Amino acid sequence: MFNKRVTVALTGASGIQYALCLIEALVKENVQVFVMISKAAHVVMSTETDYKLPGQAAAQESALQDMFSAKPDQIKVFGKEQWFAPVASGSSSPASMVVVPCSTGCLSAIATGASNNLIERAADVALKERRQLILVPRETPYSEIHLEHMLKLTRMGAVIMPASPGFYHKPQYIDDLINFIVARILDHLGVQQKMVKRWGDSTLK
Ligand SMILES: Cc1cc2nc3c(=O)[nH]c(=O)nc-3n(C[C@H](O)[C@H](O)[C@H](O)COP(=O)(O)O)c2cc1C
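Going by my numbering, 188 is the number at position 184 of the sequence shown; the sequence numbering is gapless.
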């Protein structure tokens with residue numbers, strides 16, 4: 005019924021808009037999205053956007069379904085200790101997971117295999133199963149600790165994709181900057197996107 009299944013975890017770094025834009029784009033491309041939202045991500049969301057999601061996963065699920073006009077079951081939201089969720093096991097987790105935005109705290113937990121909540125466990129599963137794991141950290145400047153974690157994770161096969169948009173497409177609006185990052189994530193996921201003109205391609209936009 006769906007073309008693909010992707011896990012998207014939202015953590016408490018600045019840039020929640022990247023995650024919302026990514027979920028919207030995935031829904032449009034008929035991808036089923038498994039969503040997890042950390043407590044801090046909710047705080048960032050209400051700070052940076054006009055959205056405030058309800059507390060319970062089931063209520064968050066219907067709020068996101070409405071927000072993105074998703075099909076029934078297209079968006080599934082899992083709570084932080086929902087250990088029986090498919091993302092918690094290599095036998096049923098999706099082939100791809102994106103942590104966007106990825107807090108430095110979450111980066112550290114993934115790099116050390118903490119697995120203290122479902123986001124960390126799902127990322128741990130992605131690493132152990134050698135699945136696609138895309139991390140979109142946002143902090144500036146990066147400390148040696150952050151850089152060490154990123155180096156360790158990239159060596160394990162994760163893709164570190166910092167939320168640092170380019171400016172060579174002459175962005176006019178904040179959405180242009182958001183789209184830049186989301187387009188790169190979609191490219192890595194193998195999901196079609198026409199948000200941003202490709203380097204050297206005059207046929208798009
Ligand atoms: C408005 C706001 C913005 C934040 N921005 C960042 C950030 O850009 N990068 C970061 O690593 N942490 C940032 N934090 C701090 C994290 O939210 C905090 O370390 C939290 O414990 C991360 O938890 P999580 O990984 O479970 O989401 C921010 C917090 C708030 C409230």
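Glycine included, C-beta positions come from ideal geometry on N, C-alpha and C.
It should be emphasised that the depicted structure is a prediction, and the values quoted were computed from it without experimental measurement.
Can you pull the DSSP bridge partners for Pro141?
Per DSSP, Cys106.
My guess is that Val140 and Pro175 are in contact by the Cβ rule of under 8 Å, so how many angstroms apart are they, rounded?
A Cβ-Cβ distance of about 18 Å is found for the pair Val140 and Pro175, leaving them out of contact under the 8 Å criterion.
Should Met5 go down as buried or exposed, given a rule of 16 or more other Cβ atoms within 10 Å for buried?
Residue burial annotation: Met5 is exposed, with fewer than 16 other C-beta atoms found within 10 angstroms of its C-beta.
Between the C-alpha atoms of Ile41 and Ala13, what's the straight-line distance to the nearest angstrom?
Distance from the CA of Ile41 to the CA of Ala13, rounded to the nearest whole angstrom, comes to 6 Å.
Can you tell me which of Lys32, Thr15, Leu181, Asn183 puts its alpha carbon nearest to the alpha carbon of Ser247?
Since the first and last residues shown for the chain are 5 and 209, residue 247 lies out of range.
If distances are taken between C-alpha atoms only, which option among Leu122, His192, Ile27 comes closest to Ala74?
Comparing Cα positions, the closest option is Ile27.
Note down, in chain order, each residue of its chain lying with its Cβ closer than 6 Å to the Cβ of Lys8, except the 5 sequence neighbours on either side.
Same-chain partners within the cutoff: Val35.
Is there contact here, the region 82-90 with the region 107-118, by at least three beta-carbon pairs under 8 Å?
Verdict: no, contact absent.
So the candidates are Lys32, Val31, Glu52, Gly59; which of them puts its Cα closest to the Cα of Lys43?
Comparing Cα positions, the closest option is Gly59.
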